[in-house]
Amino acid sequence: MTAPRAGAAVGALAIALFALYVLPIGQRGLVGPDEPRYASIAREMSESGDWVTPRLWGEAWFEKPAMLFWLGGLGHAAGIEDFTRVPVALLCLAFLAFFHWRLRRSFGRQTATLATLILGTAGGWVAYADAGVFDAPLTVFVSAALLCLLDWPRTGRGASLAERAAFGGLLGLAVLSKGLVAPVVAGAAALPAVVAKPGKARDLVSAVPLGAFCAVCVPWYAACYWENGSQFAREFIVRHHFERFASSSLQHVQPWWFYLPVIVAFLLPWTPLLATLRWESVVGGPRRRFLACWALGPLVFFSLAVNKLPAYVLPALPPLAILVALRWKQHPSRGLLAASSATLLLVPVAGAVLPDALADGILRAWARLDPAALAWGLAIGALLATLGAISAFRMPNSWSPAVVAATAAVALAALKIQAYPAISEQAGAAEFVAREDARLADSCIGEVRRHLAYGIRFYTADSVPACEDRWAGLRVEGDPPAIVANRDPSDGAGNRAP
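Residue numbering for the sequence shown follows our numbering, beginning at 8 and increasing consecutively.
This is the structure we're talking about:
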């Protein structure tokens, strides 16, 4: 590929990814129980000017560190409507640019472009790149830190002083994003190089990387402890690190194999290309071992944990994308690339199922699926899969993955356009609050699902209380929710008269 064509392709990729990540954000409100809580904390930071202690509806909240709240608070101060999600999307786009630049230095333009295409259109990455939660910022910063060490595992040339300083600083940002999991991922990646040559460990724990790490993350942790004392340490360190790993009290218990299907789904449509990997392509050289252990670290660590959520293994995606791209450059498999394009058949079907699945689970959603919607989804998916398969077999090896990636980007954008309004309606509160705004002023929140309770509190600036806290003439009740007349305080239900 000539330089002008390569430049045009990179520019088109940047525009496509921006459109895929940023433009659909306004199509849905905050969904699930987490997004409205985190957005509420970010808004409180911005409005109060207290950038140290996270507060949820006036109470100190220590489940997560401050990075997402800072990003959201700055977005709120700047007047961005989706102030937690837009900064995350822009951060993910900036990382993809850095990802491409760093890989081009170490592995060449073809590998860098293919790895960026794979990661940028992988389903799991796209799903969390515009979500106002902590997992994408963690993945961005810990991955950027490890990319600074790509040449470090080789015996002949270690990381430069600047690379080691950048590693420490970026790892500090990762610790500010989601706590102590970042050093675990980094330690797993570094393990084979340290085992082969123990003296290399000094490169990572010398004054320069440690100084950069401490300068970045220690000030907030020290300030938060200074303001809140043992409550911060007990809640953040003990409960949401050690108990989350070993105790079932947080109610996210899953079997040990939980992340195997998750990683298969997260890599779609590129999952079939994992079958091209061979033992020598994973362990053949210090940098490949570094990438393999970077990918395996979060998979093994979180598989051992009692509590599991899908996004925990998001940091495994960047190294897997690199390993697959390296293997493709050596031994391209058009058949498996065609199989990758065939998985696009699933995307429109997912758009029909996803809203109900988020609200009620996949089995109930599938049982309620409209046959006509399924037929249309299969027809559109078949068209996309056919286009990708034709490119896989008929185009040069340097172009065919790019065409499959472009087709995947179109499919994922269509999925967002198709599914986001319904997701927002069924797993969020924005539409309900907009419809019932006038009556909510005289209501309290009764027995509803968590995402609705949190969403109502966010969109009404916490002006609608829980019924057990304050009695009101109306109450929000049920699933799907409705506003009904409140029970009389004398009925024994525990409501208090105004």
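The beta carbon of each residue, even a glycine, is placed where N, CA and C say it ideally should be. Source: prediction; values computed, not measured.
Start and end residues, alpha helix (DSSP H) containing residue i
{"i": "V202", "result": "188-203"}
{"i": "E475", "result": "From DSSP, E475 is part of no alpha helix (DSSP H); its letter is neither H nor E."}
{"i": "Y319", "result": "That residue, Y319, is in no alpha helix (DSSP H); it is neither H nor E in DSSP."}
{"i": "G462", "result": "457-466"}
{"i": "C99", "result": "92-114"}
{"i": "C224", "result": "214-235"}
{"i": "I270", "result": "266-274"}
{"i": "F76", "result": "74-84"}
{"i": "S405", "result": "Segment: none, S405 is in no alpha helix (DSSP H) and carries neither H nor E."}
{"i": "V289", "result": "286-290"}
{"i": "F148", "result": "142-154"}
{"i": "L344", "result": "341-349"}
{"i": "V133", "result": "130-136"}
Beta-carbon spacing of residue i, residue j below 8 Å
{"i": "A195", "j": "G292", "result": "no"}
{"i": "S347", "j": "W277", "result": "yes"}
{"i": "T146", "j": "P322", "result": "yes"}
{"i": "S407", "j": "L344", "result": "yes"}
{"i": "T118", "j": "A332", "result": "yes"}
{"i": "L462", "j": "G485", "result": "Checking the displayed sequence, the identity of residue 462 turns out to be Gly instead of Leu. Not a contact, by the Cβ cut-off of 8 Å."}
{"i": "L180", "j": "F148", "result": "yes"}
{"i": "P226", "j": "S184", "result": "no"}
{"i": "G388", "j": "V440", "result": "no"}
{"i": "G36", "j": "V95", "result": "no"}
{"i": "A413", "j": "A23", "result": "yes"}
{"i": "S288", "j": "R295", "result": "yes"}
{"i": "W301", "j": "P326", "result": "yes"}
{"i": "T128", "j": "L419", "result": "yes"}
{"i": "V69", "j": "E242", "result": "Here residue 69 turns out to be Phe, not Val, going by the sequence shown. Yes, Cβ-Cβ distance for F69 and E242 is below 8 Å."}
{"i": "V411", "j": "S398", "result": "yes"}
{"i": "I329", "j": "L306", "result": "no"}
{"i": "A151", "j": "F102", "result": "yes"}
{"i": "I490", "j": "E443", "result": "yes"}
Endpoints, beta strand (DSSP E) assigned at residue i
{"i": "C451", "result": "450-452"}
{"i": "I490", "result": "489-492"}
Paired residues, beta bridge with residue i - DSSP
{"i": "R171", "result": "According to DSSP, R171 bridges with nothing at all."}
{"i": "G435", "result": "V38"}
{"i": "L481", "result": "S450, A492"}
{"i": "L1", "result": "Here the chain covers residues 8 to 505 and nothing more, so residue 1 does not appear."}
Inter-residue CB distance, residue i and residue j (contact presumed, cutoff 8 Å)
{"i": "A189", "j": "V182", "result": "5 Å"}
{"i": "A460", "j": "I452", "result": "5 Å"}
{"i": "A357", "j": "L422", "result": "6 Å"}
{"i": "S450", "j": "R477", "result": "Between R477 and S450 the Cβ distance is about 11 Å, and since that is not below 8 Å, they are no contact."}
{"i": "A427", "j": "Q34", "result": "Note that residue 427 is Tyr in the sequence shown, not Ala. Contact flag correct, Cβ pair sits at about 4 Å."}
{"i": "G131", "j": "F265", "result": "That belief does not hold up - the Cβ atoms of G131 and F265 are roughly 14 Å apart, past 8 Å."}
{"i": "L391", "j": "R334", "result": "25 Å between Cβ atoms; not a contact."}
{"i": "V59", "j": "C231", "result": "6 Å"}
{"i": "Q560", "j": "P362", "result": "In the structure as shown, the chain starts at 8 and stops at 505, and residue 560 therefore has no counterpart that could be examined."}
{"i": "G186", "j": "P72", "result": "6 Å"}
{"i": "I430", "j": "P31", "result": "Going by Cβ atoms, the distance from I430 to P31 rounds to 11 Å, so no, they are not a contact pair."}
{"i": "F309", "j": "K315", "result": "6 Å"}
{"i": "A396", "j": "A349", "result": "6 Å"}
Contact test: residue i Cβ vs the ligand PLP heavy atom, cutoff 7 Å
{"i": "P317", "result": "No copy of the ligand PLP appears in this structure; indeed no ligand is present at all."}
Tell me, please, whether the region 123-141 touches the region 153-160 by the rule of three or more beta-carbon pairs shorter than 8 Å.
The region 123-141 makes no contact with the region 153-160: fewer than 3 CB pairs, one atom from each, lie closer than 8 Å.
Check whether the region 278-287 touches the region 165-178, taking contact to mean three or more Cβ pairs, one atom from each stretch, closer than 8 Å.
As far as the Cβ criterion goes, the region 278-287 does not touch the region 165-178, which means the pair count is below three.
Below 8 Å, can you find three or more Cβ-Cβ pairs linking the region 22-40 to the region 195-213?
Judged by Cβ distances under 8 Å, the region 22-40 makes no contact with the region 195-213, as fewer than three pairs qualify.
With a cut-off of 8 Å, do at least 3 Cβ pairs link the region 57-64 to the region 208-225?
With the cut-off at 8 Å, the region 57-64 and the region 208-225 do not touch.
At a cut of 8 Å, does the region 68-84 reach the region 41-56 through at least three beta carbon pairs?
A contact exists between the region 68-84 and the region 41-56.
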